[in-house]
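This report concerns only the one structure given below.
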Amino acid sequence: MDKEKRLKITKFECKRGERTQQAKKEARRMEYELKPIEETKEYPDDKLYGISHDALYLRIRDKSVNNFDNYRALQAMMYGQKLVIDCSYEDKMVSRESLNAAKQMTFVFAYNRIHKEPFDLHLCNTNNEKLSLAKAKRDGLKMAKLPLDRYLEWGSGGKKNLNINHMVSILQDLKISGDWEYALKHVPRRKLLDTQIDKIQSKHNIDIFKRDNKLRSRVIRRLFDNKPQKFKKSLHDDETYY
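When the letters of the sequence shown are read in order and numbered with the UniProt record's numbering, they come out as residues 1 to 242.
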């Protein structure tokens, strides 16, 4: 075979290979276009992100939100309002109360980190004598009491002591709104008078419903009973009728 024929065969093989590669590429493209879009939603109401998915905004991942919250907490450490939490009452607590206080502190850290205006939290220990009011007066610190009686109707038997996380949440919302009624929404509803009244009324309605059902069942049994029943007209009347 001479040189010219070999060159022609080589060119033909190259062109055939190029056409084959182009055909395979076109087949893959058509297969991708005709393939149904697989939903990759984490939750049913989530938007779909990525190639071939229509989304107006970029996806904000949990890691990005976490970094943003941490950055805002760091900003609060430099420029935010200071909040001191006194942790010197452990010797006055039983083990269950200590565990409960520790759990409250985890709620404090979590809620403070995601708030719009987080506090710069400081945990301190002072001497163990008396309560916070006497200690604040002795140390020359300003101290105020929550106006619970002015804005809330406290239920009977409920102690006016709030969890640490509730106190921090109240102060945070008060700082950005200046509205006590809005800030005191963090007070547990079970401590309020309205909740206790609703609970009593609900229990009373259930008791009435049970009594009505018993009376209705008794009347139905009497109606379907073959034996004649005697009913008194009144408690003071001996005359009976069937």
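Yeah, the Cβ is synthetic: ideal placement off N, Cα and C, and Gly gets one too.
1. Tell me which same chain residues have a C-beta within less than 7 Å of the C-beta of N125, skipping the five on either side of it?
2. Exposed or buried, which one is H122 when buried takes at least 16 other CB atoms within 10 Å?
3. Is there at least one non-hydrogen atom of the ligand ADP closer than 7 Å to the beta-carbon of F68?
4. Touch check for the stretch 145 to 156 and the stretch 94 to 102: three-plus C-beta pairs under 8 Å?
5. Would you kindly report the start and end of the unbroken beta strand (DSSP E) that includes D86?
6. For L192 and L148, what's the separation of their Cα atoms in angstroms?
7. Give me, in chain order, the residues of the same chain whose beta-carbon lies closer than 6 Å to that of residue 248; leave out the 5 immediate sequence neighbours on both sides.
8. Going by the beta-carbon positions, is the gap between D120 and G80 smaller than 8 Å?
9. By Cβ distance below 6 Å, which residues in the same chain neighbour H166 in space, the five residues on each side in sequence not counted?
10. Rank L7, R190, K199, A134 by C-alpha distance to the C-alpha of N161 and give the top, closest one.
11. From this set, P118, Q22, L58, which residue's C-alpha is nearest M77's C-alpha?
Let me spell this out:
1. C87, S88
2. exposed
3. Summarising the ligand content, the structure contains no ligands, and the ligand ADP is consequently not present.
4. no
5. 82 to 86
6. 10 Å
7. Past the edges of the chain, shown from 1 to 242, lies residue 248, and the structure says nothing about it.
8. yes
9. H186
10. R190
11. P118
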